[in-house]
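This report refers to the structure that appears directly beneath it.
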Ligand code: PCA
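In the numbering used here, the protein residues as written are 23 to 225.
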């Protein structure tokens, strides 16, 4: 059975959980005729993309979907663009804190997600979860992973649909700092709808 690679991140920024991995780890093993290969990535500008590239080389997935936490957002937000910029507000989990630096000085300014973003947003809404396309994945590790993935695929001539989806905090993360959140069940529903849409577009 062909695979879809789906990644989440470890916690960062003083949090003890990351909703992206909490949601990824409870997904079923298969969706829409594809086996889900789940990978938990470090919040590291250098290691996250290396681990993703290794998995892609070893497993040749049919599609790549990366998930990350975007604290403060009110909806599940598929990203449209990865930009060639690192600008860290807080150090990554390796203590690396780039300021206004390119990811690859020789790379293009940006790449567009090659996932069907509009269809994914519509499917998430139909499943009852607030969703919206996003025009910026930020300038931290998530944007670097999105840009790095699309750059890696372009440089290797791999036509694998790939992209990124940001998810809000979980309720237990905002008890002492009231902010928007969605439940784990909502995240699971949204990601399932996204993966069904991606699987349908592949076949
Ligand atoms: N969110 C961060 C990095 C890891 C994560 O889950 C980001 O949005 O860059």
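We put the CB at the ideal spot given by N, CA and C, even for glycine.
Item, Value
"Residue 121 Cβ short of 7 Å to the ligand PCA heavy atom set", "no"
"CB contact check: residue 34 to chain D, cutoff 8 Å", "Looking at the structure shown, chain D is missing, and only one protein chain is on hand."
"Heavy atom of the ligand PCA within 7 Å of residue 88 beta-carbon", "no"
"Residue 77 and residue 27 closer than 8 Å at C-beta", "yes"
"Residue 211 and residue 149 closer than 8 Å at C-beta", "yes"
"C-beta contact flag for residue 192 and residue 184 at 8 Å", "no"
"Helix, strand or coil at residue 153 according to DSSP, with G and I counted as helix", "strand"
"Any non-hydrogen atom of the ligand PCA within 7 Å of residue 46 CB", "no"
"Any non-hydrogen atom of the ligand PCA within 7 Å of residue 34 CB", "yes"
"For residue 46, the nearest candidate out of 61, 197 and 67 (CA to CA)", "61"
"Residue 56: CB within 7 Å of a non-hydrogen atom of the ligand PCA", "no"
"Counted within 10 angstroms of its Cβ, other Cβ atoms place residue 108 as buried (16 or more) or exposed", "buried"
"Anticipated Cβ contact below 8 Å, residue 167 with residue 70, distance rounded", "5 Å"
"Paired residues, beta bridge with residue 139 - DSSP", "Its beta-bridge partners do not exist; DSSP assigns none."
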